[in-house]
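**Student:** Per this note's numbering, residue -9 is the first one in the sequence shown, and the count goes up by one each step.
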Amino acid sequence: MRRFLPWLGLIAAAVLPAGAGAAPLLLISIDGLRPGDVAQADARGLKIPTLRKLAAEGAHASGVVGVLPSLTYPSHTTLITGASPARHGISNNLTFDPKGINQTGWYWYAEDIRVPTLWDAARKAGLKTLNVHWPVSVGAPVDANIPQIWRTGHEDDRKLLRALATPGLVDGAPDAIAAFPQGIDESVDADAARSDAAATLIGRLKPGFTTVYLAGLDHVEHEHGPDSAEARAALERIDGMIAKLTAAAVAADPDTVVALVSDHGFLPVSTDVNLFAPFLQAGLITLEGGKVKDWQAMPWLAGGGAGVVLANRDDAALRDKVAKLLAGLKADPRLGIAAILDRAEIVRRGGAQEADFWISFRPGFETGRDPSAPMTAPSVTRGMHGYDPAYPEMRSTLILWGKALPWKGDLGEVDMRAIAPTLAKLMGGALPTAELPPIR
């Protein structure tokens, strides 16, 4: 396995002048966008004129080194805080829920973020804020907020969104925008509806800081693979949405800076690994009626990796038992385990503080979700992330564009934690709690 790249020292040497003026900021995330999709668009057969224009006329990273785990919710929270999951508190996509009480609940609620965000920085700088569908945004300090939330996909979810969004924004209010897609809908069609809504709201509200999240590319890459014809078609459609959002922001204020980011890269996957089976066989998990009755140690799935949480962290005998179990799993080449991290290493890398061990898979392997499945089986998806961020394939994207931007060209390789303080400074705010200084 490639050695984990040190995060410090990866900041590019571009200079942000001390007197750079504040500008309205539009922050757009395309989930799963790889830097090569833009830089190598011709070679990959991609027709994405807007993304190429933004990169050519503005500044861009050759790649962004992400966080552990390289999942959507931890990464997006790092993108707006400048902190690692260990500090900001969003350790996974799904909350740790060994008995299924939360019914596959995600980290939806902004109150779980333990450090200040760009929304806080913007508010402190006196800017009006708008959010459309950014992860971990329910209850966020945003003036006009349409958060990401869902439960079952039942029509009651639409009522839930209406109740949690800023009054008057979603369907049902007299002056609301058009019907908004359900949060569970991660299709490119849903992205189109959300980007239309965001463009309308930008024109109406003229915010100083806007966050917009588009999930469709990631959804297609999981289903068909990162280099599939379907993924290319999805990105080409999304490119048109970026054009519409950029045009709306510039029409609202010509000095707007557009920041285009992504959360992680992608790898093709072929094999599901059932991590639950050995824990069940070792008596570390007890089932009754197909549900967890009791547990001593539990895998916490994360795509290309998984945490292992001990019920009693102070039980040395339990820790030793689990460590020996994991060592045996790693020794089996069929399971594709690249490394087992202990708690000290997880802490050093800024990973999930709840986890006592972390399992990192090699490319091509992912965590299976069926406890009754064989130890290995053909994967149910074609693409995955969640792998160690040291893998080059996990690099994500940063593109900055706008006439108020103080630099142009290649910023080199950037640490994800440096993005939020950079954006805060561009819009005239500050994020002193970020773990790294702005790109300089």
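Ideal Cβ positions, reconstructed from N, Cα and C, are used throughout, including at glycine.
All values reported here derive from a predicted model rather than from experimental measurement.
Could you tell me the alpha carbon to alpha carbon distance between Asp110 and Gly56, rounded to whole angstroms?
**Tutor:** 22 Å
**Student:** Can you look up Phe86 in the DSSP assignment and give me helix, strand or coil?
**Tutor:** coil
**Student:** Which term fits Arg324, buried or exposed, when burial requires 16 or more other beta carbons within 10 angstroms of its beta carbon?
**Tutor:** exposed
**Student:** Taking only runs of the beta strand (DSSP E) that begin and end inside the segment 108 to 146, which ones reach a length of at least 3 residues, in chain order?
**Tutor:** 119 to 122, 134 to 136
**Student:** On the premise that Val263 lies in contact with Thr366, defined as a C-beta separation below 8 Å, what is that separation, rounded to the nearest angstrom?
**Tutor:** 6 Å
**Student:** DSSP has Val282 in a bridge; who is on the other side?
**Tutor:** Partner(s): Leu277.
**Student:** Under three-state DSSP, which class holds Phe269?
**Tutor:** helix
**Student:** Helix, strand or coil for Asp208, going by three-state DSSP, please let me know.
**Tutor:** helix
**Student:** Compare the C-alpha of Arg227 against each of Val210, His214, Ala238 and name the closest.
**Tutor:** Val210
**Student:** Between Ala313 and chain C, is any beta-carbon pair separated by less than 9 Å?
**Tutor:** Of the chains in the structure shown, none is chain C; there is only one protein chain.
**Student:** Give the C-beta separation of Ala420 and Ala410 to the nearest angstrom, bearing in mind that I take them to be a contact with Cβ-Cβ under 8 Å.
**Tutor:** With a Cβ gap of about 11 Å, Ala420 and Ala410 do not count as contacting.
**Student:** Using only alpha-carbon positions, find the residue among Ala189, Asp175, Leu395 that is nearest to Arg148.
**Tutor:** Asp175
**Student:** How about Trp391 and Leu250: do their beta carbons lie closer than 9 Å?
**Tutor:** Contact flag set, yes.
**Student:** Only counting runs of 3 or more residues, tell me where the beta strand (DSSP E) segments fall wholly within the segment 357 to 417, in order along the chain.
**Tutor:** 366 to 368, 388 to 391, 403 to 405
**Student:** Does DSSP put Ser185 in a helix, a strand or coil?
**Tutor:** Judged by DSSP in its simplified three-state form, Ser185 adopts helix.
**Student:** Taking the Cβ atom as the reference point for each residue, do Ile38 and Ala31 lie within a distance shorter than 9 Å?
**Tutor:** The answer is yes: Cβ separation under 9 Å.
**Student:** Excluding sequence positions up to five away, which residues of its chain have a Cβ less than 7 Å from the Cβ of Leu315?
**Tutor:** Pro268, Ala272
**Student:** Measure how close the beta-carbons of Leu225 and Asp21 come, nearest whole angstrom, since I'm counting them as under 8 Å.
**Tutor:** About 11 Å separates the two Cβ atoms, so there is no contact after all.
**Student:** Please work out which residues of its chain come closer than 7 Å, Cβ to Cβ, to Leu154, disregarding the five sequence neighbours upstream and downstream, and give them in chain order.
**Tutor:** Val128, Pro137, Ile139.
**Student:** Given that a residue counts as buried once 16 or more other Cβ atoms are within 10 Å of its Cβ, and exposed if not, what is His144?
**Tutor:** exposed
**Student:** Which residues share a DSSP beta bridge with Met288?
**Tutor:** Val299
**Student:** Using only CA atoms, which one of Glu403, Pro422, Leu426, Ile389 lies nearest to Leu15?
**Tutor:** Ile389
**Student:** Tell me the rounded alpha-carbon separation between Glu344 and Asp102.
**Tutor:** 14 Å
**Student:** Could you tell me the alpha carbon to alpha carbon distance between Ala408 and Ala238, rounded to whole angstroms?
**Tutor:** Taking the straight line from one Cα to the other gives about 27 Å.
**Student:** Spell out the partners DSSP gives Gly53 in its beta bridges.
**Tutor:** Glu403
**Student:** Are the segment 81 to 96 and the segment 173 to 193 touching, with three or more C-beta to C-beta distances below 8 Å?
**Tutor:** no
**Student:** Starting from Ile330 and walking both ways along the beta strand (DSSP E), at which residues does that stretch end?
**Tutor:** 327 to 332
**Student:** For Asp161, verify whether its CB is less than 8 Å away from any heavy atom of the ligand GDP.
**Tutor:** As for the ligand GDP, it is missing from this structure, which has no ligand bound.
**Student:** According to the Cβ coordinates, are Leu274 and Ala292 closer than 9 Å?
**Tutor:** With contacts defined as CB atoms closer than 9 Å, Leu274 and Ala292 fail to qualify as a contacting pair.
**Student:** Could you tell me if Lys283 is buried or exposed, where buried requires 16 or more neighbouring beta carbons within 10 angstroms of its beta carbon?
**Tutor:** The residue is exposed, with fewer than 16 neighbouring Cβ atoms inside 10 Å.
**Student:** Going by DSSP, which residues form a beta bridge with Trp348?
**Tutor:** Paired residue(s): Gly297, Leu331.
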